[in-house]
Amino acid sequence: MTESLQIGETSTATRAGAARGVVKKPSLPPDAPLPSGVRKADDLLARRFGGVMRVSPFLTRQIVSFQANKTKPRYRWFKYKEAFSADLVKYLLSIAGARPDAVLDPFAGMGTSLFACAGVGTDADGVELLPVGHCIVGAHNSLANFGADDFSALEKWRSSGARQNGRRLPLNELRITAGAYPPESRAQIESFLGALEAAPAQLQPVLRFAALCVLEDASYTRKDGQFLRWDNRSGRQLKQQFHKGKLPSFADALDKKIAQIIRDARADGGFFSSCEKRGKIRLFPGSCLDVLPSLPGESYDAVLTSPPYCNRYDYTRTYALELALLGADEKEISDLRQRMLTCTVENRPKTIVRKEWRAPLEWAGGHPLLGEIVRFLEEQRRRGLLNNGAIVRMVSEYFREMACVIYECARLMRRGAAFFMVNDNVRYGGADISVDFILSGFAESAGLEVQNILVSPQTKGNSSQQMGAHGRSALRKCVCVWRKP
Ligand SMILES: C[S@@+](CC[C@H](N)C(=O)[O-])C[C@H]1O[C@@H](n2cnc3c(N)ncnc32)[C@H](O)[C@@H]1O
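Heads up: the sequence shown begins at 466 in my numbering, then just goes up one per residue.
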């Protein structure tokens, strides 16, 4: 008989592992307004994982974020602010042991881990839900096959003014992108879309990508933490005054971007040159919750990833301009939002029917710290102390889904393979949530050893809402290192 489980169902208990090691500092601030249940469960895990926690001076804010990519040829083309750096990937590969033959990133984003692995000759597979990531990786893959003639054709297209002639194709307008561009730039984007269709086939992925790279610059918006910030000139009703300064026109910005792409790609400053043969890159479209179960077991020597954090960050809003250019309409945006790993209050529980996931759903349903946190948040919600009641569901669904992802990745790892998980702890209703401890518990349940929890020396501040209500306390930013025995 096939049992069906909905990912949103609750289930029974799991066991805590053996205690080992002691951490010097308690993981929760002593003045935090927490019930003793959360504090005790967290302290237990702090003792259990204390022996493997290390502050790693290498994990600076620059390295664990996109910042270190900003000056790197190729990586700098598109600002994917949620990315980690290529240097982080290289560092993690160096501690993985022998150079892995094949690496998996189930939340590939702009493809940093895929490119950095391919650059040292390692094959890399990724899964990414947003079409933005596919446009970026597709353009890089096309450029990897460019010869001198292709670069000349790209240069010719850029200087011929082709993008300004001929017919215009309408740009999708979404509620959240309405009024994003000055009329002149909007007209240029529509001319570009018309010209793109007539461009030589091998140039199209690169041209589309170049346009994607400059949309924010040419718009009245700025990606700012969790939100798109809007300039007053957009004509929107805004609570705060914001002036972005002089905007480049879309055509000028595109021109400069294509020139930068040609320069970097021709020089190829070490991107794929540090090995004899570039590793193969495959990026699967869709949700990793659907794709991972379809991949054959024991295929990878390392998993290297940074999932969305449990922090209400909505990628479909942040990348709305880019998604609209790629043709997404309101319905597609809303579908993408629901298929994302749950990390916003808008996410509804996913219905996923898969009998193998009974075990990971039980790890989540019976996790002692997670159980205490959910009870505490539920109580805060009842007392009106959470600024959004759906936070309780979001936190609980986030961990259920992550348990399933970890279960699948463990199945896909070969013996001896390493799993690097970059994540941030979060804070709701005054409670620090030790994401690193909870996910490491799931990893142990999946049969992996917790080798290290590497902690960034620079901890993260809280969101402004949290700071106002509960004061500031440090939140760990970690790389968990798990190993399949
Ligand atoms: C923190 S970012 C990863 C960034 C990546 N490490 C890089 O350097 O570009 C998390 C990514 O997970 C993607 N994502 C969210 N839910 C997903 C899902 N269910 N399946 C696959 N990808 C998903 C998001 O679109 C986002 O690009």
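Beta carbons: idealized from backbone N, C-alpha and C, even for Gly. Keep in mind it's a predicted model, so treat the numbers as computed, not measured.
Is the beta carbon of residue i less than 8 Å from the beta carbon of residue j?
| i | j | result |
| --- | --- | --- |
| L786 | L672 | no |
| L904 | N917 | no |
| S699 | A645 | yes |
| R782 | L693 | yes |
| M859 | T809 | yes |
| L634 | E795 | no |
| V592 | C582 | no |
| I746 | N890 | no |
| F549 | V529 | yes |
| L579 | L748 | yes |
| L769 | V900 | no |
So what does DSSP say about residue i, is it helix, strand or coil?
| i | result |
| --- | --- |
| D717 | helix |
| V597 | helix |
| Y872 | helix |
| P495 | Note that P495 has pLDDT 48, beneath the 50 cutoff, so the model's placement of it is unreliable and the number below is only indicative. Note: P495 maps to coil in three-state DSSP. |
| F736 | Residue placement at F736 cannot be trusted, given a pLDDT of 49 that sits under 50; the coordinates are not used to answer. |
| A589 | strand |
| T536 | coil |
| G502 | helix |
| S469 | A caution first: S469 carries a pLDDT of 34, below 50, which makes its placement in the model unreliable, though a value can still be read off. Residue state, collapsed to three classes: coil. |
| E547 | coil |
| E662 | helix |
| Y556 | helix |
| N812 | coil |
| K490 | Note on K490: pLDDT 39, under 50, position unreliable in the model; the coordinate value appears next. K490 falls in the coil class under three-state DSSP. |
| V574 | Per the sequence shown, residue 574 should be read as Gly rather than Val. G574 falls in the coil class under three-state DSSP. |
| E844 | helix |
| T770 | strand |
| F707 | coil |
| M867 | helix |
| F616 | helix |
| D566 | coil |
| D794 | coil |
| A511 | helix |
| V900 | helix |
Rounded to a whole number of angstroms, what is the C-alpha to C-alpha distance between residue i and residue j?
| i | j | result |
| --- | --- | --- |
| L743 | I856 | The amino acid occupying residue 743 in the given sequence is Arg; Leu does not appear at that position. One C-alpha to the other measures close to 44 Å. |
| I871 | G912 | 10 Å |
| P772 | A511 | 23 Å |
| W542 | G881 | 35 Å |
| F674 | T587 | 25 Å |
| F707 | D508 | 44 Å |
| L806 | C874 | 15 Å |
| A533 | R847 | 43 Å |
| R819 | S684 | 43 Å |
| D682 | A716 | 11 Å |
| D409 | E844 | Outside the modelled stretch of the chain, which goes from 466 to 950, sits residue 409, for which no answer is possible. |
| V920 | I838 | 22 Å |
| I601 | M878 | 27 Å |
| S625 | D720 | 11 Å |
| A660 | Q725 | 20 Å |
| A664 | A718 | 19 Å |
| V756 | R804 | 12 Å |
| N853 | G894 | 10 Å |
| T686 | N697 | 10 Å |
Quick check: does the Cβ of residue i come within less than 7 Å of any heavy atom belonging to ligand 1?
| i | result |
| --- | --- |
| S625 | no |
| T577 | yes |
| R512 | no |
| E547 | yes |
| R804 | yes |
| S771 | yes |
| L524 | no |
| G603 | no |
| L754 | yes |
| F674 | no |
| L509 | no |
| F885 | no |
| F572 | yes |
| G894 | no |
| L790 | no |
| E593 | yes |
| Y437 | No information on residue 437 is available, as it lies outside the stretch 466 to 950 that the chain covers here. |
Going by C-alpha to C-alpha distance, which of the options sits closest to residue i?
| i | options | result |
| --- | --- | --- |
| G502 | C678, F841 and E914 | F841 |
| A939 | D897, R876, D901 and S861 | D897 |
| A732 | F611, K709 and G690 | F611 |
| C869 | E795, S764, Y765 and F907 | F907 |
| Y765 | T525, L748, H605 and D566 | D566 |
| G576 | G598, R564 and Q653 | G598 |
| I727 | G584, S617, L851 and E914 | S617 |
| S650 | K942, L712 and F864 | L712 |
Between residue i and chain D, is any beta-carbon pair separated by less than 8 Å?
| i | result |
| --- | --- |
| G906 | Although the question refers to chain D, the structure presented lacks it and comprises just one protein chain. |
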